Amino acid sequence: EEKRLNKNSKLFRMSQFKQLLFGIGTDNFITLLVFGLIFTLGVLGNSMVITVLARSKPGKPRSTTNIFILNLSIADLSYLLFCIPFQSTIYMMPTWVLGAFICKFIHYFFTVSMLVSIFTLSAMSVDRYIAIVHSRKSSSIRVARHALIGVVVIWILSLAMAAPVMHYQNIFQRGENYTFCWEVWPDQSHKKIYVVCTFVFGYVLPLLLISFCYAKVINHLHKKLRNMSKKSEASKKKVGINQVVWIWCPANCCSNLPNKNEKTDPSLIIPLLFVRIILDMPTSKTSTSLTGLVQSSKTSCNQSCM
Numbered sequence: 004e005e006k007r008l009n010k011n012s013k014l015f016r017m018s019q020f021k022q023l024l025f026g027i028g029t030d031n032f033i034t035l036l037v038f039g040l041i042f043t044l045g046v047l048g049n050s051m052v053i054t055v056l057a058r059s060k061p062g063k064p065r066s067t068t069n070i071f072i073l074n075l076s077i078a079d080l081s082y083l084l085f086c087i088p089f090q091s092t093i094y095m096m097p098t099w100v101l102g103a104f105i106c107k108f109i110h111y112f113f114t115v116s117m118l119v120s121i122f123t124l125s126a127m128s129v130d131r132y133i134a135i136v137h138s139r140k141s142s143s144i145r146v147a148r149h150a151l152i153g154v155v156v157i158w159i160l161s162l163a164m165a166a167p168v169m170h171y172q173n174i175f176q177r178g179e180n181y182t183f184c185w186e187v188w189p190d191q192s193h194k195k196i197y198v199v200c201t202f203v204f205g206y207v208l209p210l211l212l213i214s215f216c217y218a219k220v221i222n223h224l225h226k227k228l229r230n231m232s233k234k235s236e237a238s239k240k241k242v243g244i245n246q247v248v249w250i251w252c253p254a255n256c257c258s259n260l261p262n263k264n265e266k267t268d269p270s271l272i273i274p275l276l277f278v279r280i281i282l283d284m285p286t287s288k289t290s291t292s293l294t295g296l297v298q299s300s301k302t303s304c305n306q307s308c309m
């Protein structure tokens, strides 16, 4: 009897699941799963970032980079908490049931959070540009006070740019039982102007600014690396020349003295060989890239010594 009841309960749950799945549609069900995954990962990730960055040691000012990252995480977390749960109802219910205020708020805040994220990324690129390209002036420009002012300006600008969305977003009745949350403008030309302005100021200009800043950063770093490599090559050449003048030439002279036709005092042979060994030791620590230079100089020095 218990097995039969368990089997019936499983069948009932399966039928409920199928009814839910086919009631909202397979596509909508998959969309809800994706929303759930984004919501879970986003809330956990941004909460961790905010927790870590919000903690600061007493008396130690926050860096401008941390302030911008904190602002970006707050904007993303706010969108996840205030927009995703309500937007998911669109895929679960055939009609809007959350009222006019929620209809206006979620679409308005979605636009605000999007603009805040874009403007914050732009500010971060400018911050990186100043820190790397203008490093001498950066200490006076990249301070926490300026970053906080920038964050306030970003939020005010985003709230103002998204205001038309809140104004024209509203609920509309279709038939007796269907209500929809739509953005309806009385004049479509005004809507086109707003869409174009939002696209230009909220996408094109920030993209150009970010591209310009990081292109300048890459170019600056490339020049620095090239100058460093030139200095490194010059340093290696100096080491090679010093090696030839002060090590190889005396070493070869000393090594060739016992090989002369003239008779050499036997008491000098052992000291001269010892000097040869001592003089040869530093050459083992010289870069292999100098081998050609050393060998050619050694030959000429050897000939002159003989």
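Numbering (my numbering), first residue to last: 4 to 309. Note that CB positions come from ideal geometry on N, CA and C, so glycine has one too. Small disclaimer: the values here were computed from a predicted structure and weren't measured.
Can you check which of these residues, the options, is closest to residue i by C-alpha distance?
{"i": "residue 125", "options": "227, 229 and 216", "result": "216"}
{"i": "residue 58", "options": "48, 136 and 70", "result": "70"}
{"i": "residue 115", "options": "49, 199, 180 and 165", "result": "165"}
{"i": "residue 210", "options": "168, 127 and 188", "result": "127"}
{"i": "residue 327", "options": "201, 223, 198 and 145", "result": "With the chain covering 4 to 309 only, the question about residue 327 has no answer from this structure."}
{"i": "residue 31", "options": "49, 52, 168 and 97", "result": "97"}
{"i": "residue 189", "options": "47, 39 and 167", "result": "167"}
{"i": "residue 138", "options": "185, 220 and 182", "result": "220"}
{"i": "residue 169", "options": "81, 51 and 105", "result": "105"}
{"i": "residue 149", "options": "181, 39 and 65", "result": "65"}
{"i": "residue 109", "options": "143, 50, 132 and 185", "result": "185"}
{"i": "residue 218", "options": "135, 51 and 193", "result": "135"}
{"i": "residue 63", "options": "143, 175, 147 and 131", "result": "147"}
{"i": "residue 103", "options": "172, 207 and 187", "result": "172"}
{"i": "residue 131", "options": "230, 163, 223 and 197", "result": "223"}
{"i": "residue 179", "options": "203, 46 and 99", "result": "99"}
{"i": "residue 200", "options": "163, 40 and 225", "result": "163"}
I think residue i touches residue j, with their Cβ atoms under 8 Å apart; what is that distance to the nearest whole Å?
{"i": "residue 75", "j": "residue 56", "result": "Actually they are not in contact, since the Cβ atoms of residue 75 and residue 56 sit about 10 Å apart, beyond 8 Å."}
{"i": "residue 78", "j": "residue 119", "result": "4 Å"}
{"i": "residue 42", "j": "residue 83", "result": "6 Å"}
{"i": "residue 182", "j": "residue 176", "result": "6 Å"}
Give every residue of the same chain whose Cβ lies closer than 8 Å to the Cβ of residue i, excluding the five residues on either side of it in the sequence, and list them in chain order.
{"i": "residue 123", "result": "71, 74, 75, 78, 154 and 157"}
{"i": "residue 35", "result": "27, 91, 94 and 95"}
{"i": "residue 81", "result": "112 and 116"}
Within 7 Å: the Cβ of residue i and any heavy atom of the ligand ZN?
{"i": "residue 119", "result": "What this structure holds is no ligand at all, so the ligand ZN is not there to describe."}
Have a look at the DSSP bridge pairing and note the partners of residue i.
{"i": "residue 186", "result": "172"}
{"i": "residue 181", "result": "177"}
Excluding the five sequence neighbours on either side, which residues of its own chain have a C-beta within less than 7 Å of the C-beta of residue i, listed in chain order?
{"i": "residue 284", "result": "Since pLDDT at residue 284 reaches only 48, below the 50 mark, its modelled position is unreliable, and the value read off the structure follows with that caveat. Result list for residue 284: empty, nothing under 7 Å."}
{"i": "residue 161", "result": "115, 118, 119 and 122"}
{"i": "residue 141", "result": "133 and 134"}
{"i": "residue 197", "result": "167"}
{"i": "residue 38", "result": "87 and 91"}
{"i": "residue 226", "result": "none"}
{"i": "residue 213", "result": "124, 125 and 128"}
{"i": "residue 89", "result": "101, 105 and 109"}
From the DSSP output, in three-state form, read off residue i for me.
{"i": "residue 2", "result": "This structure cannot speak to residue 2, because the chain is shown only from 4 to 309."}
{"i": "residue 137", "result": "coil"}
{"i": "residue 96", "result": "coil"}
{"i": "residue 37", "result": "helix"}
{"i": "residue 63", "result": "coil"}
{"i": "residue 262", "result": "Interpretation of residue 262 is limited by its pLDDT of 48, a score under 50 that renders its predicted location unreliable; the figure taken from the coordinates is listed afterwards. Here residue 262 sits in helix by DSSP."}
{"i": "residue 147", "result": "helix"}
{"i": "residue 32", "result": "helix"}
{"i": "residue 165", "result": "coil"}
{"i": "residue 101", "result": "coil"}
{"i": "residue 58", "result": "coil"}
Identify, in the order they occur along the chain, each residue of the same chain with its Cβ nearer than 6 Å to the Cβ of residue i, setting aside the five sequence neighbours on each side.
{"i": "residue 113", "result": "86"}
{"i": "residue 107", "result": "169 and 172"}
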